[in-house]
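Numbering (this note's numbering), first residue to last: 5 to 266.
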C-alpha cells in the first residue's frame, strides 16, 4: 500500500520505547525521516544505530520550554514537520487517595507536552498540510479504578483530538487518535513480572480481550498510526480509533450473547 510518506518528516514523542519505538520503525520502513524525542538517552541512541533515517533528540517533555526547543531543533535540522505523533505518557496509577497537588502534577506530566508540542508545531504542520496522531488510552472511556490523573489526561487528549480537528481543518491539517487497551509492551511486561504469579497475571488480562484472547502488539498500533498519518487517510479527521481487539466495545456484547469469552 502506497502511503506517500517517503521523505516526510515525522516527529514521535516518547519514541525510544514501546508503542513509540514501534511507531518510529514503522514510519522508517515507509521511507520517512523520523525524529524520536525521549528522555531515555541510552535507549534512543541505541535505536538510532539500528533504524535507518532516524534521528534521536533527548528532551524532558515535562518542561514546556523543552518542547518548544525540540520543535525548533527539528525544524532547524529538517526544515519541516509533516507529521506529529503525540505518544509520550505514563500511567502512574495515581488514585483518588492522592492529594489534589499530586493529581494536578499527574495531569500536567501526561498532557502539557501534548499541547506544547502541537502548539509549536502548528505552523509547520499547516504549511505541510500534515497530520497529528495522538495516542490515548482505554482508561479514558472505561476507567480502571486507580488512575485518576492518567484517565483525566487521556480523556483530555480525546477531547483535544476533536477540538483540534475542528480548529485545524481550515489549514488542511488532520487530527486523529488511536486508543489502545492492553498492549504487549515492555512496560506492561515489567508489571507482570512484579506480580506473585506473572504467567497467571498475564493470562487474566488476556482473557479480557475478545479478539484472539491476547494483548495487542505495539506494531499493530504503530501500523494504524502510520495509516492515519498517510495520504491513504486523507479524508479522515477527528476520529478516535480503537486498536484493542474489541476490548472497549465488544466485551459486554459478546458475554451477553453467550459467545466468545466470558
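Glycine residues also receive a C-beta, built at the ideal position from the N, C-alpha and C atoms. Note that the coordinates shown come from a computational prediction; the quantities given were computed from them, not determined experimentally.
Buried or exposed for residue 45, please, with buried defined as at least 16 other CB atoms from any protein chain shown within 10 angstroms of its CB. Classification for residue 45: exposed.
The alpha helix (DSSP H) spanning residue 150 covers which residue range? No alpha helix (DSSP H) holds residue 150; DSSP gives it neither H nor E.
Closer than 8 Å is the cut-off here; do at least three beta carbon pairs connect the region 195-203 with the region 161-169? no
Here's the rule: buried if 16 or more other CB atoms are within 10 angstroms of the residue's CB, otherwise exposed. What is residue 235? Result: exposed.
Whose C-alpha, out of 11, 6, 15, is nearest the C-alpha of residue 135? 15
CA-to-CA distance, residue 191 to residue 212, given in whole angstroms: 19 Å
Compute the Euclidean distance between the alpha carbons of residue 188 and residue 221, then round it to the nearest angstrom. 5 Å
Quick check on the DSSP output: what are the complete alpha helix (DSSP H) runs of length 4 or more inside the region 229-254, in order along the chain? none
Euclidean distance between Cα positions of residue 181 and residue 203: Between residue 181 and residue 203, the C-alpha separation is close to 31 Å.
Can we count residue 110 as close to the ligand HEM, meaning its CB is less than 7 Å from some heavy atom? For the structure depicted, the ligand HEM is absent and the ligand set is empty, with no information on it obtainable.
Verify the CB distance criterion: does residue 18 have a CB-CB separation below 8 Å to chain D? Among the chains of the structure shown, chain D does not appear; only one protein chain is present.
So what does residue 220 bridge to, in DSSP terms? 187
Would you list the residues sitting across from residue 180 in a DSSP beta bridge? 137
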